């Protein structure tokens, strides 16, 4: 589906600019839901969409929707007639496709483009984590050296470069390589440590576990908490990770939740959020639950969707 044409307008109601979507009539005819305008919060953490279902699909108004940003799928919330909202989890830098879906896969609206803000410069920790990630993606030393060199020569583009290799690993090659590296972590643990929230959705699509523990009993959520990666933590919770899981206790330390780790590391906002999810798990909007509630919606070969 092609992208519609859109231009910027301003609105005092929201205090910042909004995007007015002006798609061609033939493009809108293919949509179940027509996005008329959307609003991205200045913090780049939330998106609101304003539009309407076409008459023959009004029965879908009360159904759940998903916001799909590139590879990231986030459950949406109906805020009013024709108004839906969702968190905007971090995606890879650059231009990212964006649309609404009723099954977390097929576009139900126009496919638009949003500009993801550039990431801050990589730290030494990030560089080391990326090198460890590369070591798990390939079995041949020659391939590892080639990709490592490419990452070093293209600072700021590492996520875009790694995305293709991660897809190959998740959908084709994960059985052919080591599950854990020399320090006891697996691919998802390293992705969470790097804050690659978009990669979590790829793991779900590939049917891989997002709750797998490393050699020391830490899940990807524990590692996201350790590095203060709030976007990755939220993505993991959406995908079904249990926030109350404990690390493996030692002689000197009891088992810790992800909230404990975030607090110990000084990430107080993330610690508070994770603790709230432990105490109130019903607040977590899980993609699996969202999908179950839309099970009555069937997609037909002609693109039509019926209740």
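Numbering (UniProt numbering), first residue to last: 1 to 307.
We treat Cβ as the ideally placed atom computed from N, Cα and C, and that holds for glycine.
Given the structure is predicted, the values throughout are model-derived calculations rather than measurements.
Per DSSP, what kind of secondary structure is residue i in: helix, strand or coil?
| i | result |
| --- | --- |
| residue 110 | coil |
| residue 227 | coil |
| residue 45 | coil |
| residue 267 | coil |
| residue 57 | helix |
| residue 102 | coil |
| residue 281 | helix |
| residue 128 | helix |
| residue 275 | helix |
| residue 163 | helix |
| residue 298 | Low confidence applies to residue 298: its pLDDT is 39, below 50, so where it sits in the model is not reliable, and the reading given next is rough at best. Note: residue 298 maps to strand in three-state DSSP. |
| residue 146 | helix |
| residue 62 | coil |
So who's on the other strand from residue i, going by DSSP bridges?
| i | result |
| --- | --- |
| residue 52 | 34 |
| residue 69 | 72 and 98 |
| residue 78 | 84 |
| residue 40 | 47 |
| residue 116 | 94 |
Do you know how far the Cα of residue j is from the Cα of residue i?
| i | j | result |
| --- | --- | --- |
| residue 149 | residue 218 | 30 Å |
| residue 47 | residue 88 | 6 Å |
| residue 78 | residue 153 | 44 Å |
| residue 201 | residue 250 | 32 Å |
| residue 53 | residue 180 | 47 Å |
| residue 82 | residue 114 | 21 Å |
| residue 278 | residue 197 | 20 Å |
| residue 158 | residue 133 | 11 Å |
| residue 194 | residue 55 | 44 Å |
| residue 80 | residue 35 | 14 Å |
| residue 136 | residue 51 | 44 Å |
| residue 259 | residue 221 | 9 Å |
| residue 266 | residue 229 | 12 Å |
Is it right to say residue i is buried, meaning 16 or more other beta carbons lie within 10 angstroms of its own, or is it exposed?
| i | result |
| --- | --- |
| residue 261 | buried |
| residue 234 | buried |
| residue 247 | buried |
| residue 282 | exposed |
| residue 64 | buried |
Residue i: beta carbon under 7 Å from a heavy atom of the ligand FAD?
| i | result |
| --- | --- |
| residue 125 | The ligand FAD is not among the ligands present in this structure, which contains no ligands whatsoever. |
With a threshold of 8 Å between beta carbons, is residue i in contact with chain C?
| i | result |
| --- | --- |
| residue 164 | The structure shown contains no chain C; it holds only a single protein chain. |
> At what residue ranges does the stretch 183 to 210 contain a whole run of the alpha helix (DSSP H), taking only runs of 4 or more?
Replying inline: Assignment of alpha helix (DSSP H) within the stretch 183 to 210, counting only whole runs of 4 or more residues, yields 187 to 194 and 197 to 205 in chain order.
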